[in-house]
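Enquirer: Got a structure for you, questions after.
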Ligand SMILES: Nc1ncnc2c1ncn2[C@@H]1O[C@H](COP(=O)(O)O)[C@@H](O)[C@H]1O
Ligand SMILES: Nc1ncnc2c1ncn2[C@@H]1O[C@H](COP(=O)(O)O)[C@@H](O)[C@H]1O
Ligand SMILES: Nc1ncnc2c1ncn2[C@@H]1O[C@H](COP(=O)(O)O)[C@@H](O)[C@H]1O
Ligand code: NA
Ligand code: NA
Ligand code: NA
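Chains as they are written, first to last, in the working numbering: chain C, 233 to 558; chain V, 233 to 558; chain S, 233 to 558; chain B, 28 to 139; chain A, 28 to 139; chain H, 28 to 139.
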């Protein structure tokens with residue numbers, strides 16, 4: 233328990249989380265502070281490529297024997313989790329089926345920045361995770377989208393029809409930028425191994441925390457602005473965005489332990505299950521389920537669950553993993 | 233005296249100042265060289281956040297006992313200096329009251345990039361300044377704007393009236409991006425101290441000079457393009473943009489010494505007093521005093537005073553501070 | 233021979249070349265991965281400035297006695313090479329004169345990114361080149377444009393007439409951004425030498441490979457998208473884009489040896505002669521020879537020759553230089 | 028001046044219609060494909076416009092880009108433009124979008 | 028074709044006016060607030076346009092952004108557009124700005 | 028409403044023509060210089076627009092920028108606009124470009 237508290241405090245006092253808070257505060261006081269779009273996208277590309285490469289290098293170091301099973305389990309969880317979320321959203325939060333399906337897809341998928349923040353948190357505390365967690369993350373992006381669309385179809389909502397539209401949607405889902413960067417980086421890291429990594433370490437390794445600070449500053453701005461602009465949400469809907477991560481984390485802790493992951497790996501997998509997508513899934517839902525309200529799903533995943541995980545979830549899941557493994 | 237010369241030469245031969253010169257030269261020969269806007273803004277954000285964090289970390293190391301008084305004095309000087317500048321502009325340069333008030337506000341405020349360039353110059357010469365100089369800079373941004381508006385009102389120029397406009401103006405003045413980054417970075421640095429800083433040092437510390445090079449390259453382009461596009465200015469107006477910094481530096485040297493700052497601190501405070509804003513104040517003046525000519529105030533602060541300080545002012549003020557303290 | 237193979241494999245397994253391949257693959261599967269324009273331009277500016285500074289610093293270390301002759305020879309080759317290329321294009325590929333002249337100009341000029349990739353490849357293999365190769369590159373950018381225009385004029389195509397247009401063209405040719413950055417960086421590096429370089433090395437030196445990765449990722453995307461969008465080209469035209477680099481490399485190897493360059497220098501000069509411009513020359517041709525088809529010249533230089541050199545040419549030219557010097 | 032209702036070819040300068048569509052970025056590709064199908068032969072896109080309408084403010088740079096708008100401009104014969112306008116009501120109903128037409132004069136009638 | 032002077036509601040497609048304002052960035056928020064006050068129900072902003080007029084070239088990317096322009100587009104009933112145009116002369120006098128109107132046809136009259 | 032053909036000065040609001048040119052970036056400076064020569068007193072440029080026309084898709088961010096478009100907007104008296112439109116056919120033939128005109132109303136006739 234005191235472990236947990238000290239982890240939580242350590243998290244809140246890291247420059248990364250403080251930068252996130254600064255961004256949120258700036259948006260709260262309506263400062264004109266603005267990270268140019270191109271810079272924010274450049275930072276996101278950097279983070280995804282670098283985390284992919286790091287994961288691949290770790291994988292090349294060995295220890296990937298269990299990777300295949302773990303990756304399959306991760307994909308299966310992403311498929312299954314939206315069903316649970318849909319249930320909660322329909323029967324407790326009383327959302328319309330199409331909105332419930334869209335939101336559920338977000339929570340079955342994952343947030344790369346939450347993952348990256350958790351990785352750094354764990355690494356700094358001597359709890360590194362297996363390299364193939366990156367591959368597990370990549371594989372969790374998409375299945376939840378399919379489940380979300382199936383739930384919507386079951387409820388009578390036809391998803392988009394035009395051929396051009398469908399092609400566009402599936403490209404968005406299967407080869408979107410983040411999957412390409414994560415998987416591509418992973419393969420590159422795995423091919424070049426430690427000697428190749430040495431060439432790019434000053435960029436991809438040493439700068440990671442600093443660039444993450446800048447990115448989280450932007451995320452703080454974006455999350456808080458989203459929250460300010462959001463329509464009033466029902467208490468039950470808001471509660472969902474806190475409860476679902478906790479349920480997801482519990483599932484992740486159990487599955488991670490069963491898979492025999494390291495303590496850091498268990499904590500990181502719990503974080504993945506607890507996180508919600510706010511990039512790939514919104515874009516896909518907007519195309520496939522236009523009748524679902526984007527302000528709803530983006531606000532829940534980006535405005536509520538993301539800050540919750542960054543500030544409180546990560547140290548909490550880490551403490552639980554430590555306790556579980558002790 | 234030979235000290236001063238060698239400092240001046242050392243300054244002119246630094247990669248940072250040479251990059252500034254290269255930018256100016258490129259603009260002079262009308263090269264199409266162009267630093268994308270988003271990159272320039274990203275660099276500015278980096279520099280402000282990093283200098284803020286550095287200042288806060290230095291403050292956390294102790295030695296901040298005198299900070300409060302120094303910060304108050306800095307704010308008071310920013311309030312007072314525009315009155316002097318207004319007098320010079322009205323009676324020697326013979327500007328219209330509204331133009332004189334607008335220009336005066338710029339010279340009472342400060343230039344972050346000049347500060348940052350001076351910091352590096354001093355640090356490289358073993359003359360580091362107190363961490364709270366960053367806070368002094370942040371506090372000097374705004375008061376001069378208020379004085380400028382009061383001077384204009386006294387001369388009969390109503391400042392902007394619409395409620396939306398006024399709200400916008402005050403947000404711009406009180407929580408503009410640079411204040412948020414400087415103060416926010418300062419607080420973060422102060423909270424995380426040296427151990428937290430270690431995590432981001434490869435980014436915020438090691439890269440500082442290199443990124444400053446790139447930013448000064450852009451500033452050279454921007455300053456020279458401003459100068460080329462400028463309307464013809466009277467010799468007295470141009471002279472003001474050189475003389476006022478010298479007066480400001482003298483005041484800063486005196487006040488800094490009286491405050492008991494270190495040699496580096498005195499030099500840096502003199503630089504602050506000598507510098508003129510070309511980001512926050514122009515934006516505020518455009519909103520509050522639309523009748524004032526923006527080509528005038530931007531050309532003087534960005535096209536004349538800024539290059540003068542970067543190339544000659546900084547080593548000169550440093551040499552004076554050294555002489556004063558010897 | 234086994235040397236050559238191992239060099240080729242080492243090249244293909246470097247993170248830089250793999251990032252290029254990843255970008256190309258992403259474009260091939262029509263991923264929406266997109267490096268923001270501002271980031272790509274910022275990276276290009278960085279690479280040109282950094283390579284210029286590095287070259288200048290190396291030059292300051294001494295060994296530049298032969299530089300003047302080498303630079304003159306490089307310029308002369310850039311002048312002459314388009315004539316040969318024009319002949320091939322007219323008589324084997326059967327292009328129209330105006331298209332042949334435009335394409336020829338591209339192949340007489342050089343590609344900065346190819347140069348930069350080759351520099352890193354050679355440095356990593358203990359084959360550094362002379363610093364003044366950077367100056368040789370800068371001087372090779374422009375002469376080929378003049379030859380291209382002369383060839384077109386000889387064939388009866390008037391180049392652009394309006395005064396504003398001509399002024400614009402010559403500014404583009406003589407003081408375009410890449411020349412300013414390469415030459416400016418070179419002079420700065422030469423002036424500040426190793427002590428000045430130390431201040432910016434974490435940025436300009438240590439990050440070079442990592443940022444080159446990101447840039448090559450973008451180049452892979454851009455090159456493959458260009459190739460996909462390209463009109464169908466005749467086999468002879470496509471063959472030209474492979475054969476001409478080989479001829480160019482042979483000329484470069486001979487000239488470089490005759491000039492007494494180091495092994496690395498010979499390899500790098502061969503790479504320069506083998507490379508084709510896809511930034512400065514297209515822009516100039518579009519202005520000066522609007523009747524020439526931009527899809528043709530951009531596809532050949534960016535879509536075919538550039539990837540060929542990055543993947544196969546560089547290690548091949550290096551192996552030839554090693555063999556020649558053994 | 029030529030009569031706007033006179034149809035495609037009635038002497039220089041020729042009258043055409045300018046279709047302007049402000050819509051969410053997600054559907055830009057589909058809208059363009061739809062215009063093509065309707066016979067529009069070219070278009071111009073101004074990316075990254077912001078704005079506000081019945082569905083609130085848009086243009087905040089959220090990471091997913093679902094709140095971004097773009098402006099599509101297409102010059103086409105009047106009959107095609109009218110058909111696009113009429114069809115837009117149904118077709119864009121679930122999306123954030125507005126459509127409006129105006130008259131323009133062009134010099135090369137074969138182009139549009 | 029409906030008569031442009033016939034007022035807001037006269038059968039499909041309905042006529043509206045397009046107000047276009049090119050102005051310095053500093054005042055964009057205020058201009059939008061003013062349009063809202065006058066009854067305009069939506070707008071679209073194209074940020075970062077450059078240009079030149081009586082006050083010289085604009086668009087150089089100076090750090091303070093005081094030399095940047097934006098283009099505001101707003102569709103509104105003709106009467107409102109006329110009022111905005113008339114009022115603009117006084118209201119925007121001290122600022123860098125131009126205003127012009129044109130006629131557009133829309134399909135959903137309730138929207139604008 | 029004033030008659031569009033009535034010439035520069037016929038009572039408020041005054042009629043002017045809006046010239047719009049979508050062209051490749053390379054020639055923007057020259058096009059602007061040409062407009063000035065023809066008597067156009069101001070212009071606005073929307074940089075970085077993409078599009079498609081007879082010459083295929085454009086706007087891919089290639090490094091050389093030869094495939095980038097820009098949109099130029101210029102308000103001018105009708106006679107000047109007509110002259111520009113007529114001259115454009117010859118002048119822009121080798122380049123990627125389209126030109127079209129429309130009518131606008133302005134409040135300050137001295138401005139345009
Ligand atoms: N019908 C059209 N409507 C709108 N924009 C067009 C149209 N045709 C061409 N354009 C634009 O003008 C540019 C040049 O057209 P083109 O010369 O036909 O390739 C294209 O890249 C588009 O941006
Ligand atoms: N009256 C209007 N004038 C100009 N643009 C508008 C107007 N109404 C809506 N828009 C634009 O169209 C987008 C979608 O409108 P809406 O569907 O009404 O939210 C908005 O985000 C604006 O960019
Ligand atoms: N005749 C014109 N046509 C198009 N845009 C113009 C015109 N005159 C001015 N502008 C635009 O409006 C801005 C302000 O104009 P001005 O107040 O005349 O300097 C300029 O920077 C241009 O972007
Ligand atoms: Na999840
Ligand atoms: Na000052
Ligand atoms: Na070449």
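Even glycine gets a Cβ: it sits at the ideal position worked out from N, Cα and C.
What does residue 400/C touch in chain B if you count any residue whose Cβ is under 8 Å from its own?
Expert: Locating residue 400/C in the first chain gives position 168, counting from the first residue. The answer, in chain order, is 56 and 57.
Enquirer: Alpha carbon to alpha carbon, how far is residue 382/S from residue 405/S?
Expert: For the purposes of this step, residue 382/S is taken as the residue at position 150 of the third chain. For the purposes of this step, residue 405/S is taken as the residue at position 173 of the third chain. If you take the alpha carbons of residue 382/S and residue 405/S, they lie about 15 Å apart.
Enquirer: Please report the distance separating the alpha-carbon of residue 118/B from that of residue 125/H.
Expert: Position 91 of the fourth chain, counting from 1, holds the residue named residue 118/B. Position 98 of the sixth chain, counting from 1, holds the residue named residue 125/H. Near 28 Å, if we compare the C-alpha coordinates of residue 125/H and residue 118/B.
Enquirer: Anyone know if the C-beta pair for residue 97/B and residue 67/B falls short of 9 Å?
Expert: The residue you call residue 97/B lines up with position 70 of the fourth chain. The residue you call residue 67/B lines up with position 40 of the fourth chain. Cβ distance not < 9 Å, so residue 97/B and residue 67/B don't count as in contact.
Enquirer: If I measure Cβ to Cβ from residue 105/A and keep anything under 6 Å in the same chain, skipping five residues before and after, which residues do I get?
Expert: Counting from one through the fifth chain, the residue named residue 105/A turns up at place 78. Excluding sequence neighbours, residue 105/A sits near 44.
Enquirer: Would you mind stating whether residue 144/B and residue 65/B have Cβ atoms separated by less than 9 Å?
Expert: A question about residue 144/B goes unanswered here, because the residues of chain B that appear run from 28 up to 139.
Enquirer: For chain B, is any of its Cβ atoms less than 9 Å away from the one on residue 126/H?
Expert: Counted from its first residue, the sixth chain places residue 126/H at position 99. Cβ-Cβ to chain B under 9 Å: yes for residue 126/H.
Enquirer: Which residues does DSSP list as the beta-bridge partners of residue 497/V?
Expert: As a working note, residue 497/V is residue 265 in the second chain. Note: residue 497/V sits in no beta bridge, so no partner.
Enquirer: For residue 311/C, which residues from the same chain have a beta carbon less than 8 Å from its beta carbon, with the 5 sequence-adjacent residues on both sides left out?
Expert: Counting from one through the first chain, the residue named residue 311/C turns up at place 79. Once the five neighbours on either side are set aside, the close Cβ partners of residue 311/C are 340, 375, 376, 378 and 379.
Enquirer: Report yes if the C-beta distance between residue 279/S and residue 330/S is below 9 Å; otherwise report no.
Expert: Residue 279/S sits at position 47 when you count from the first residue of the third chain. Residue 330/S sits at position 98 when you count from the first residue of the third chain. Their beta carbons are not under 9 Å apart, which means residue 279/S does not touch residue 330/S by this criterion.
Enquirer: Quick one: list the residues of chain V neighbouring residue 122/A, beta-carbon separation under 8 Å, in chain order.
Expert: For this step, residue 122/A is matched to residue 95 along the fifth chain. Near residue 122/A (Cβ distances below 8 Å), the residues of chain V are 522.
Enquirer: Answer with yes or no whether the minimum CB distance from residue 69/B to chain H is below 9 Å.
Expert: Within the fourth chain, numbered from 1, the residue matching residue 69/B stands at position 42. Judged by the 9 Å Cβ criterion, residue 69/B is in contact with chain H.
Enquirer: Which whole-angstrom value describes the C-beta separation of residue 258/C and residue 412/V, a residue pair presumed to lie in contact below a C-beta threshold of 8 Å?
Expert: In the first chain, counting from the first residue as 1, residue 258/C sits at position 26. In the second chain, counting from the first residue as 1, residue 412/V sits at position 180. Yes, they are in contact, since the Cβ atoms of residue 258/C and residue 412/V sit about 5 Å apart, within 8 Å.
Enquirer: Is the shortest distance between the beta-carbon of residue 83/B and the beta-carbons of chain C less than 9 Å?
Expert: Taking the first residue of the fourth chain as position 1, residue 83/B is located at position 56. Yes, because at least one Cβ of chain C sits closer than 9 Å to the Cβ of residue 83/B.
Enquirer: Could you tell me if the beta carbon of residue 507/C falls within a distance shorter than 8 Å of some heavy atom in ligand 4?
Expert: Within the first chain, residue 507/C is the residue found at index 275, counting from 1. For ligand 4, at least one heavy atom lies less than 8 Å from the Cβ of residue 507/C.
Enquirer: Classify residue 349/C as helix, strand or coil using the three-state DSSP reduction.
Expert: Residue mapping note: residue 349/C aligns to position 117 of the first chain, counting from 1. Looking at residue 349/C - three-state DSSP - the assignment turns out to be helix.
Enquirer: Counting only beta-carbon atoms, is residue 510/C nearer than 9 Å to chain B?
Expert: In the first chain, the residue the question calls residue 510/C occupies position 278. By this cut-off, residue 510/C is an interface position.
Enquirer: For ligand 8, is there any heavy atom lying closer than 8 Å to the beta carbon of residue 101/B?
Expert: Absence of ligand 8 is noted for the structure shown, with ligand 1, ligand 2, ligand 3, ligand 4, ligand 5 and ligand 6 being the only ligands found.
Enquirer: Cβ closer than 9 Å: which chain C residues qualify as neighbours of residue 248/V?
Expert: Here residue 248/V refers to the residue found at position 16 of the second chain. The premise fails here: residue 248/V is roughly 20 Å from chain C at the closest Cβ pair, so nothing lies under 9 Å.
Enquirer: Does residue 182/C have its Cβ less than 9 Å from a Cβ in chain V?
Expert: Since the first residue of chain C shown is 233 and the last is 558, residue 182/C is not available in this structure.
Enquirer: Applying a beta-carbon distance threshold of less than 9 Å, which residues of chain V neighbour residue 460/C?
Expert: Here residue 460/C refers to the residue found at position 228 when the first chain is read from its first residue. Correct list: empty, because the minimum Cβ distance to chain V is about 14 Å.
Enquirer: What does residue 395/S reach in chain V if we use C-beta pairs closer than 8 Å?
Expert: As a working note, residue 395/S is residue 163 in the third chain. Under the 8 Å cutoff, chain V gives no residues; its nearest Cβ is about 15 Å from residue 395/S.
Enquirer: Note down, in chain order, each residue of its chain lying with its Cβ closer than 6 Å to the Cβ of residue 272/S, except the 5 sequence neighbours on either side.
Expert: Reading the third chain from its first residue, position 40 is the one you call residue 272/S. So the list reads 450, once near-sequence residues are dropped.
Enquirer: Examine ligand 4 and report whether any of its heavy atoms sits within less than 8 Å of the Cβ of residue 540/C.
Expert: Within the first chain, residue 540/C is the residue found at index 308, counting from 1. Flag unset: Cβ of residue 540/C not near ligand 4.
Enquirer: Report yes if the CB atom of residue 321/S is closer than 9 Å to the CB atom of residue 436/S, and no otherwise.
Expert: What you label residue 321/S is simply residue 89 of the third chain in a count that begins at 1. What you label residue 436/S is simply residue 204 of the third chain in a count that begins at 1. Not in contact: residue 321/S and residue 436/S (Cβ atoms no closer than 9 Å).
Enquirer: Along the chain, where does the alpha helix (DSSP H) containing residue 338/C start, and where does it finish?
Expert: Taking the first residue of the first chain as 1, we reach residue 338/C at position 106. First-last of the alpha helix (DSSP H) with residue 338/C: 329-340.
Enquirer: Here's a check: name, in chain order, each residue in its chain whose Cβ is nearer than 7 Å to the Cβ of residue 354/C, leaving out the five neighbours to either side.
Expert: Within the first chain, residue 354/C is the residue found at index 122, counting from 1. Closer than 7 Å at Cβ, skipping near neighbours: 360, 361, 496, 499, 500 and 550.
Enquirer: How big is the Cα-Cα spacing for residue 116/H and residue 541/S?
Expert: Stepping through the sixth chain from its first residue, residue 116/H is reached at position 89. Stepping through the third chain from its first residue, residue 541/S is reached at position 309. Rounded to whole angstroms, residue 116/H to residue 541/S spans 42 Å at the Cα level.
Enquirer: Who are the near neighbours of residue 474/C in its chain, counting only those whose CB is closer than 8 Å to its CB and skipping five residues on each side?
Expert: As a position in the first chain, residue 474/C is number 242, starting the count at 1. Excluding positions up to five away in sequence, the list reads 536, 537 and 540.
Enquirer: Distance check for residue 486/C and residue 519/V, CA to CA, integer angstroms please.
Expert: Taking the second chain and counting its residues from 1, the one referred to as residue 519/V is at position 287. Taking the first chain and counting its residues from 1, the one referred to as residue 486/C is at position 254. Cα to Cα, the separation comes out at about 58 Å.
Enquirer: List, in order along the chain, the chain H residues whose C-beta lies closer than 8 Å to that of residue 102/B?
Expert: Indexing the fourth chain from 1 puts residue 102/B at position 75. Within chain H, the residues near residue 102/B are 125 and 127.
Enquirer: Where does residue 323/V land, buried or exposed, given buried means 16+ other C-beta within 10 angstroms?
Expert: Position 91 of the second chain holds residue 323/V. Answer is exposed; the Cβ neighbour count stays below 16.
Enquirer: Is there a Cβ from chain C that is less than 9 Å from the Cβ of residue 293/V?
Expert: Taking the second chain and counting its residues from 1, the one referred to as residue 293/V is at position 61. No, its Cβ sits nowhere closer than 9 Å to a Cβ of chain C.
Enquirer: Can you tell me which of 242/V, 299/V, 316/V and 264/V puts its alpha carbon nearest to the alpha carbon of residue 494/V?
Expert: Translated into the one-based positions of the second chain, residue 494/V becomes position 262. Minimum Cα distance to residue 494/V is reached at 299/V.
Enquirer: Excluding the 5 residues flanking residue 534/C on each side, which residues of the same chain have their C-beta closer than 6 Å to its C-beta?
Expert: Start at 1 with the first residue of the first chain, and residue 534/C comes out as number 302. Excluding positions up to five away in sequence, the list reads 455, 458 and 510.
Enquirer: Is residue 261/S close to chain C? Criterion is C-beta to C-beta, closer than 9 Å.
Expert: Taking the third chain and counting its residues from 1, one reaches residue 261/S at position 29. So, interface residue.
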